[in-house]
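Q: Starting off with a structure, shown below.
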Amino acid sequence: MNCTIPPAVALDAIHTGRAVPYTRPGSCSAIAKVPVSGPVRIHAEGIEGDEQGDRRVHGGPEKAIHHYPFDHYAFWRGAHRHPLLDGSGAFGENFSSTGWTEDTIHLADVIRVGTATLQVSQGRQPCWKLNDRFGLPDVARSMQSSGRTGWYYRVLEGGQVAPGDAMTVVERLCPDWSLRRLGHVLFDRTLERSVLEEASQLPLTASWKKLLSNRLQRNEVESWQSRLQGPETR
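Residues 798 to 1031 in the numbering used here are what the sequence shown spells out, letter by letter.
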């Protein structure tokens, strides 16, 4: 059990993007987000002015804001030399900070930043659009296998945030469940029944509850092929 609340960190950068046609026929994405210099409004659907290319799998109240630790960029630079890694925003994240990772942030942590209150809703399940963004075939799979996925927030209370604002964990509801541990269950210990049963009791999003329920009922792991490699090979 980890009841220790991590120290506050600075919200180093905020990124937003517009949905545009993407790399594969019929696809659309707002992964190429750009930094904003001033305050932005936060509401139930995310950051005012930010868009998502495919609302079936991105965005919405349970994925209103994506946070990706800048701490992970050293890992990616060690694996790939790519100009996107020169600054934050490479992975389509909305929030960038240094000091919090999947090891220190837990499922359902309540976060205060600016005048908004957010809650960690789930980790990211990376998809093929990352591969195409970098022009490399394995970025999504590497993100998943390394546990460096970042996480999503739901918005408990809308407000205004700006680069440089302090981010503070004000409540920890799941002290046993860091995002690292939860990701390990989903992607590594995929069919350990006792672990799946324990995780299924957590305050998960509906889609993750369904995922765990299906594994328990069928004793098999859902296919990751389409998510990680896309609807067709290039």
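Just so you know, even glycine gets a beta-carbon here, dropped at the ideal spot from N, CA and C.
Here the structure is a predicted model, which is why all the values come from computation and not from measurement.
1) Mapping the DSSP letters down to three states, classify T1030 as helix, strand or coil.
2) Look at the Cβ atom of Q916, then the Cβ atom of R969, and state whether they are nearer than 7 Å.
3) By how many angstroms is the C-alpha of G980 removed from the C-alpha of L1013?
4) Does the region 956 to 965 come into contact with the region 918 to 930, if we say contact requires no fewer than three beta-carbon pairs (one atom in each stretch) closer than 8 Å?
5) Determine, using beta carbons only, whether I844 and V837 come nearer to each other than 7 Å.
6) In the DSSP assignment, find the beta strand (DSSP E) that holds R951 and state where it starts and stops.
7) What residues match up with G964 in a beta bridge as DSSP calls it?
8) According to DSSP, is S991 helix, strand or coil?
9) Give a yes or no on whether the C-beta atoms belonging to T965 and A805 are separated by under 7 Å.
10) Which first and last residues belong to the beta strand (DSSP E) in which R930 is found?
11) Quick one: what's got a C-beta closer than 8 Å to E994's C-beta in the same chain, skipping five residues either side?
12) Enumerate in chain order the residues of its own chain whose CB-to-CB distance from Y870 is below 8 Å, with the five nearest sequence positions on each side excluded.
13) Taking Y865 as part of the beta strand (DSSP E), name the residues at either end of that continuous run.
A: So, from the listed chains and residues:
1) Low per-residue confidence applies at T1030: pLDDT is 47, beneath 50, and the placement is therefore not dependable, though the value from the model is reported in the following sentence. Of the three classes helix, strand and coil, the one that applies to T1030 here is coil, per DSSP.
2) no
3) 17 Å
4) no
5) yes
6) 948 to 954
7) Residue identity check: residue 964 is Met in the sequence provided, not Gly. In the DSSP output, where bridge partners are listed per residue, M964 has V806, V910.
8) helix
9) yes
10) Per DSSP, R930 belongs to no beta strand (DSSP E); it is in the alpha helix (DSSP H), 926 to 931.
11) L1013
12) L882, S885, A887
13) 862 to 866
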